[in-house]
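> Just passing along the structure, written as C-alpha cells.
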Amino acid sequence: MKIIVLSVPLKSGIASDPEQSKPQIEYSDHNFGAKQMESVFTGLWAKNLKNEEGWASENIKLTSHSGTHMDAPYHFITQYKMMAIQCLQLMRFH
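Residue numbers (our numbering): 82 to 175.
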C-alpha cells in the first residue's frame, strides 16, 4: 500500500472549517521567557541566565478541526460509536 501524505503545516490563521476555528499560535521570545522564568522559579533572575534570556515558547489554541483531519461517521451520527476515528483501520481509506 502506498501512503500519500496530504497534511498541511499547522500555523496561525490557516484555512479552517468552520472559519471561526482558525488555529492561533502566540510566540513568546527569549526575553519574555526570562520574565516567565523569574515568576515561576523563586530566586531566579534574568541576570542569572545566559545572555539574560529564558525559554522561547508557543501558546497554541486549536480545535479538532484544525489543519488536515478526517471526520469519522461517529462525528455525525451517535449510533456509530463503533466507528469513532480511533476504531477505523487506515486501509479503509485507500
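We put the beta carbon where it would ideally sit given N, CA and C, even for glycine.
#1: First and last residue of the alpha helix (DSSP H) that includes N112?
#2: Keeping to the same chain, check which residues put their C-beta closer than 7 Å to that of Q105; ignore five residues upstream and five downstream.
#3: Measure the Cβ-Cβ separation of V89 and T159 and say whether it is below 7 Å.
#4: What residue range does the beta strand (DSSP E) around I141 cover?
#5: Could you tell me the distance, in whole angstroms, from the CA atom of N112 to the CA atom of S138?
So, to answer that:
#1: Here the question's residue 112 lines up with position 31 in the sequence shown. N112 -> alpha helix (DSSP H) spans H111 to V121.
#2: If you number the sequence shown from 1, residue 105 lands on position 24. In the same chain as Q105, and ignoring 5 residues on each side of it, the C-beta atoms closer than 7 Å to its own belong to S93 and K142, in chain order.
#3: As a working note, residue 89 is residue 8 in the sequence shown. As a working note, residue 159 is residue 78 in the sequence shown. Going by C-beta atoms, V89 is not nearer than 7 Å to T159.
#4: On the sequence shown, residue 141 is found 60 positions in, with the first residue counted as 1. Counting along the chain, the beta strand (DSSP E) containing I141 begins and ends at S138 to K142.
#5: Mapped onto the sequence shown, residue 112 falls at position 31. Mapped onto the sequence shown, residue 138 falls at position 57. Cα to Cα, the separation comes out at about 11 Å.
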